[in-house]
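First to last, the protein sequences are chains A and B.
In this note's numbering, each residue carries its 1-based index in the first sequence increased by 598.
In this note's numbering, each residue carries its 1-based index in the second sequence increased by 598.
Cβ coordinates follow ideal geometry from the N, Cα and C atoms, glycine included.
Small disclaimer: the values here were computed from a predicted structure and weren't measured.
Contents: one structure, followed by commentary.
There are 2 protein chains.
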Amino acid sequence: MSWNLKPDRPIYSQLLEYIQIFIISGKYKPGEKLPSVRDLAEEASVNPNTMQKALAELERVGLVYTQRTNGRFITEDENMIRMLKENVAQAQIREFFDNMELLGFSIQESVQLIIETGKERQNECDFKM
Amino acid sequence: MSWNLKPDRPIYSQLLEYIQIFIISGKYKPGEKLPSVRDLAEEASVNPNTMQKALAELERVGLVYTQRTNGRFITEDENMIRMLKENVAQAQIREFFDNMELLGFSIQESVQLIIETGKERQNECDFKM
DNA sequence: ATTATTGTATTAAGTACTTAATACAATAAT
DNA sequence: ATTATTGTATTAAGTACTTAATACAATAAT
């Protein structure tokens, strides 16, 4: 499920988003050491330069930090990660409502559709358990 | 609110999506004549070639058709438009759940957040009325 | 009949992104 | 002390997208 890159958007920004998600979801934990640029690049089947570009941006934002010749680490600022999770989730919600509104769905209709689909998904999970 | 183009994705595909949305939401009605390529391009502040690329794709899918020297028209197949609306909405819903799951939210949590935000948005609308 | 407008096509240039190949300094590991 | 690994930097090439300028055939409008 990792590194599913689409050709319609710059790869480096997709990599950036993925790593952000891994941090938010806890796959990469605070203070944890990241794989090297080369390893990450190989894992995602991209050029090291491209992975480096994504990591540099993450560093600019403060989500990771670098020890010059030792490697990169996830920030230990758990509060920052919590806030990021909150913000990204809110952005998802906003985007959903905005897009549905453009399609001609009212807020009520959008909520209703989510509830229905949510129930369906829930049932699918039940079957699997 | 129209033609809000972002630099992080090919413009022609964003144009394509916008026109699709205009068709779905009924801003452009079935059988209606579209503005000329040049006019649309000017309206969206893009090069005619770029707009042409978007329109050619819409034509490939069958959403618009061309009368050689007369102009382009929205399809009259209302059923096709209904199905498109259904599909695009379902894609939005699926994308929302998938993204939230990647962030670490369960289905129930995602539904709950939508309901809450929906209520807030609804209230904002009430104020305006 | 003439003119303006339609979609369409072509060529050239610029930009951003991506890959490939290579190199270097610093330091952790041995 | 030596070696391997770290992030980092550079140069060159290819690709896709976008713009700009221009042209053409067909036909609706006059």
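Original post:
Is A/R666 closer than 8 Å to B/D606 when the C-beta atoms are compared?
Top reply: no
Subject >> Every unbroken alpha helix (DSSP H) inside the region 628-681 of chain A [4 residues or more] >> reply: 635-642, 646-659
**OP:** Spatial neighbours of A/A652 within its chain, please: CB distance less than 6 Å, with the 5 preceding and 5 following residues excluded, ordered by chain position.
**Re:** Y610, L613, L614
**OP:** Measure the alpha-carbon distance for B/Q706 versus B/C723 and round it to whole angstroms.
**Re:** 26 Å
**OP:** Please check the pair A/K627 and A/G669, which I expect to be a contact at CB under 8 Å, by giving their CB distance rounded to whole angstroms.
**Re:** No, A/K627 and A/G669 are not in contact; Cβ-Cβ is about 15 Å, not under 8 Å.
Original post:
So, is A/F694 buried or exposed, given that buried needs 16 or more other C-beta atoms within 10 angstroms?
Top reply: buried
Original post:
Just to check, is the beta-carbon of B/K631 closer than 7 Å to a non-hydrogen atom of the ligand NAP?
Top reply: Among the ligands in the structure shown, none appear at all, so the ligand NAP cannot be discussed.
Original post:
Mind checking whether B/L656 and A/A687 have CB atoms under 8 Å apart?
Top reply: no
**OP:** Closer than 8 Å by beta-carbon distance: list the chain A residues that pair up with B/F703, in chain order.
**Re:** A687
Subject >> Which of helix, strand or coil DSSP assigns to A/K604 >> reply: coil
**OP:** Kindly indicate if chain B contains any beta-carbon less than 8 Å away from that of A/M678.
**Re:** no
**OP:** Mark A/Q690 as exposed unless 16 or more other C-beta atoms lie within 10 angstroms of its C-beta, in which case mark it buried.
**Re:** buried
Original post:
Does the beta-carbon of B/S742 have 16 or more other beta-carbons within 10 angstroms, so that it is buried, or is it exposed?
Top reply: This structure leaves residue 742 of chain B out entirely; chain B is present only between 599 and 727.
Original post:
Less than 8 Å separating the beta-carbons of A/P646 and A/A639?
Top reply: yes
Original post:
What residue range is occupied by the uninterrupted alpha helix (DSSP H) comprising B/Y616?
Top reply: 609-623
Subject >> B/I609 at chain A interface by Cβ criterion, 8 Å >> reply: no
Subject >> Best match in A/D675, A/L603, A/S643, A/S634 for proximity to A/I622 [C-alpha to C-alpha] >> reply: A/D675
Original post:
Around the Cβ of B/K717, are there at least 16 other Cβ atoms within 10 angstroms (buried) or fewer (exposed)?
Top reply: exposed
Original post:
Are the beta-carbon atoms belonging to A/F712 and B/I712 less than 8 Å from one another?
Top reply: A small fix is needed here, since residue 712 of chain A is Ile in this sequence, not Phe. Taking 8 Å as the Cβ cut-off, A/I712 and B/I712 qualify as a contacting pair.
Subject >> Closest by C-alpha distance to A/M678, when choosing among A/K604, A/G660, A/F671 >> reply: A/G660
**OP:** Output yes or no for whether 8 Å exceeds the beta carbon distance between B/G624 and B/F671.
**Re:** no
Original post:
For B/F703, does the three-state DSSP call read helix, strand or coil?
Top reply: coil
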